[in-house]
Ligand code: XMP
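Residue numbers (full-length UniProt numbering): 10 to 522.
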């Protein structure tokens, strides 16, 4: 396995994803993690990440010197290269000018990272992506330059004897065309690892660990129907069968037929499935509230109340399972240490009441979303479910603007179902990152045959994004939008107008509330 020491780059997670895609297990530790933990991890290779910091600043972060004495291959990326350089006796010069974007690296000497790699016309050149200000001006003893660009003489360096590698560019981003191949060469050829981290290996590993942690005790899981909680349910089912109880809370804020689908999928399985129909309780709690934050709070609180009621009906449950995934873990660790800028954190399940104390089981804690999806498929979840767009915890509660009423929810559900059906039919569902419909509780005039109508408005929203922190509105074809609009207005009595949301994030958010 590979250890990635994180110096705070925005793209450190991508390094881990690329390594895992190769089938090699890796984890990210902060650069200043306890040295005993770092040693205990027992890595066969270490990668030093990039960073927004500068090695020329006093007190800027350094790798523990143990890293260079451990006898395992080390790859420094961007800042990782720079700190390796200064720590081993080379020099780095600061610069106020950033080099940002595409660059061509000319391969100067043989290096295992570049073995057999060429550009599109077969020349020994590499298309890479750079983002740095500082640069290396002298390399430490024992290193040779293996690649350079017009502006960056030490774009790739190599110490054969020690198996230290450094690159100024970012092989982990997809703009570095041969980047994934370089990381593959590092993990497999240089570190001598094997790509065994496959879906079935992940499943076996998770099942064994769940059994070890839980023994013969009972486990409770709040099933939302989303990918993470569904995969968590399937893993637990496989590991402990009937010791698992899944509680699905129907908050009445779900999409068309969604509750039914979850029921049909999980009820026949060899586990205890509880369907808690609490739509009325949620609607009651939302009555008269139109402020978005107060709505979220009311929904969150009602969820806890309902879930706690269900939990109290069960005997001897010792564990609560959660579908926490690796990016959540990294994000909350970063938030705690104050080292990353957290733009938004979502809490769907706040704390449970005092009398319900459980130990946590989190079988997806070390997995990325794409790994969760792959094991979901391997565990038999249908593709349509695994590739679903994200859906917020408060559900349609934040997609009916203002006060939530049953009548509005029903109209929204039908309109959204038409939108999704058309996106699926035309292949646009997979091409956008998230798409949904928003109900606007205002009325607009229309003509339907000989009648004047005076009905509600819905807005369609479709966005493209990588990380949901920023997003662009999707350029859906006009004829598709026109067709969806016609269908919604003709088929749904009560909606007289459809608009398309063309706001980017920022300044808008993806959801409307
Ligand atoms: P915004 O609206 O902040 O949304 O641009 C970013 C992403 O987060 C989802 N979202 C939520 N997810 N609970 C969730 O689990 C929530 O309360 C929540 N609010 C927004 C939103 O759908 C989008 O994918």
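C-beta: ideal position from N, C-alpha, C; glycine also.
> How long is the line joining the alpha carbons of residue 480 and residue 517, rounded to whole angstroms?
Replying inline: Position 471 of the chain shown holds residue 480. Position 508 of the chain shown holds residue 517. Using only the alpha carbons, I get a separation of about 9 Å.
>> By the three-class DSSP mapping on this structure, what secondary structure does residue 312 have?
In response: Taking the first residue of the chain shown as 1, we reach residue 312 at position 303. Note: residue 312 maps to helix in three-state DSSP.
>> ligand 1 and residue 94: does the residue's C-beta get closer than 6 Å to at least one heavy atom of that ligand?
In response: Within the chain shown, numbered from 1, the residue matching residue 94 stands at position 85. Answer for residue 94: no, Cβ out of range of ligand 1.
> Do the CB positions of residue 375 and residue 335 come within less than 7 Å of each other?
Replying inline: The residue given as residue 375 occupies position 366 in the chain shown. The residue given as residue 335 occupies position 326 in the chain shown. The Cβ atoms of residue 375 and residue 335 sit closer than 7 Å to each other.
>> Beta-carbon within less than 8 Å of residue 368's beta-carbon, same chain only, minus the 5 sequence neighbours each way: which residues are those?
In response: Along the chain shown, one-based indexing puts residue 368 at 359. So the qualifying residues of the chain are 327, 328, 329.
>> According to DSSP, is residue 450 part of a helix, a strand, or is it coil?
In response: Taking the first residue of the chain shown as position 1, residue 450 is located at position 441. In this structure, residue 450 counts as strand in the three-state DSSP scheme.
> For residue 144, which of 119, 171, 175 has the nearest alpha-carbon?
Replying inline: Here residue 144 refers to the residue found at position 135 of the chain shown. Of 119, 171, 175, the residue nearest in Cα terms is 175.
> Is the Cβ-Cβ distance between residue 123 and residue 58 less than 7 Å?
Replying inline: To locate residue 123, count along the chain shown from 1; it is residue 114. To locate residue 58, count along the chain shown from 1; it is residue 49. Residue 123 places its beta carbon 7 Å or farther from that of residue 58.
>> So residue 194 and residue 121 are supposed to be a Cβ contact under 8 Å. How far apart are they, rounded?
In response: For the purposes of this step, residue 194 is taken as the residue at position 185 of the chain shown. For the purposes of this step, residue 121 is taken as the residue at position 112 of the chain shown. That pair is a contact at about 6 Å.
>> Alpha carbons only, please: which of 128, 406, 132 is nearest the one belonging to residue 303?
In response: Looking up residue 303 in the chain shown gives position 294. The option with the nearest alpha carbon to residue 303 is 406.
>> Any contact between the region 400-418 and the region 504-521? By contact I mean 3 or more CB pairs, one from each, below 8 Å.
In response: Contact check between the region 400-418 and the region 504-521: three or more CB pairs, one atom from each, fall below 8 Å, which counts as touching.
>> Following a CB-centred definition, is residue 443 positioned closer than 6 Å to any heavy atom of ligand 1?
In response: As a working mapping, residue 443 is identified with position 434 in the chain shown. Taking the Cβ of residue 443 as the reference point, at least one heavy atom of ligand 1 falls within a distance shorter than 6 Å.
> Run through DSSP, which three-state label would residue 511 get?
Replying inline: As a first step, residue 511 is located in the chain shown; it is residue number 502 there, counting from the start. Residue 511 falls in the coil class under three-state DSSP.
> Mind pulling the beta strand (DSSP E) runs of 3 or more residues that sit fully within the region 164-203?
Replying inline: Secondary structure in the region 164-203: the beta strand (DSSP E) runs of 3 residues or longer, each lying completely within the stretch, are 165-168, 173-176 in chain order.
>> The alpha helix (DSSP H) that contains residue 45, what's its start and end?
In response: As a first step, residue 45 is located in the chain shown; it is residue number 36 there, counting from the start. Here the alpha helix (DSSP H) through residue 45 covers 44-50.
> Quick one: what's got a C-beta closer than 8 Å to residue 65's C-beta in the same chain, skipping five residues either side?
Replying inline: One-based indexing of the chain shown puts residue 65 at position 56. Excluding residues within five positions, the ones whose Cβ falls inside 8 Å are 101, 102, 103, 143.
> Can you list, in chain order, the residues of its chain whose CB lies under 6 Å from that of residue 358, leaving out five sequence neighbours each side?
Replying inline: Counted from its first residue, the chain shown places residue 358 at position 349. Summary for residue 358: the model assigns pLDDT 46, below 50, so the residue's position carries little reliability, and this model does not support an answer.
> Which residue or residues does DSSP assign as beta-bridge partners of residue 85?
Replying inline: For the purposes of this step, residue 85 is identified with residue 76 of the chain shown, where counting begins at 1. Answer is 57, 175, bridged to residue 85.
>> Please list the terminal residues of the continuous beta strand (DSSP E) segment that includes residue 13.
In response: Taking the first residue of the chain shown as position 1, residue 13 is located at position 4. That run of the beta strand (DSSP E) goes 11-15.
> If residue 227 sits next to residue 325, beta carbons under 8 Å apart, how far is it from one beta carbon to the other, in whole angstroms?
Replying inline: Position 218 of the chain shown, counted from the start, is the residue given in the question as residue 227. Position 316 of the chain shown, counted from the start, is the residue given in the question as residue 325. Right, the Cβ-Cβ distance comes to about 6 Å (below 8 Å), so this counts as a contact.
> How about the region 171-187 and the region 89-97: do they share at least three Cβ pairs that are nearer than 8 Å?
Replying inline: Result yes; three or more Cβ-Cβ pairs closer than 8 Å.
> Which value, in whole angstroms, describes the spacing of the CA atoms of residue 322 and residue 279?
Replying inline: Here the question's residue 322 lines up with position 313 in the chain shown. Here the question's residue 279 lines up with position 270 in the chain shown. Rounded to whole angstroms, residue 322 to residue 279 spans 20 Å at the Cα level.
>> Using a 10 Å radius around the Cβ and a threshold of 16 neighbouring Cβ atoms, would you call residue 205 buried or exposed?
In response: Your numbering for residue 205 matches position 196 in the chain shown. That one is exposed.
> What does a CB cutoff of less than 6 Å around residue 50 pick up in its chain, not counting 5 residues either side in sequence?
Replying inline: Counting from 1 along the chain shown, the entry for residue 50 is found at position 41. Excluding five sequence positions before and after residue 50, the CB atoms of its chain that fall closer than 6 Å to its own CB belong to 12, given in chain order.
> CB of residue 401 to nearest heavy atom of ligand 1: below 6 Å?
Replying inline: Against the chain shown, residue 401 aligns to sequence position 392. The answer is yes for residue 401.
>> Once DSSP output is grouped into helix, strand and coil, what is the label at residue 251?
In response: In the chain shown, counting from the first residue as 1, residue 251 sits at position 242. Secondary structure at residue 251: helix, using DSSP grouped into helix, strand and coil.
> When you compare only the Cα positions, how much space is there between residue 356 and residue 307?
Replying inline: Numbered from its first residue, the chain shown carries residue 356 at position 347. Numbered from its first residue, the chain shown carries residue 307 at position 298. Residue confidence for residue 356 is low, a pLDDT of 38 falling below 50, so the modelled location carries little weight; the figure read from the coordinates is stated next. In this structure, the CA atom of residue 356 is about 13 Å from the CA atom of residue 307.
>> Looking at residue 14: is its Cβ nearer than 7 Å to the Cβ of residue 72?
In response: The sequence position of residue 14 within the chain shown is 5, counting from 1. The sequence position of residue 72 within the chain shown is 63, counting from 1. Yes, they are a contact pair.
> So the beta strand (DSSP E) residue 26 belongs to, where does it begin and stop?
Replying inline: Stepping through the chain shown from its first residue, residue 26 is reached at position 17. Residue 26 -> not in any beta strand (DSSP E); alpha helix (DSSP H) instead, spanning 21-30.
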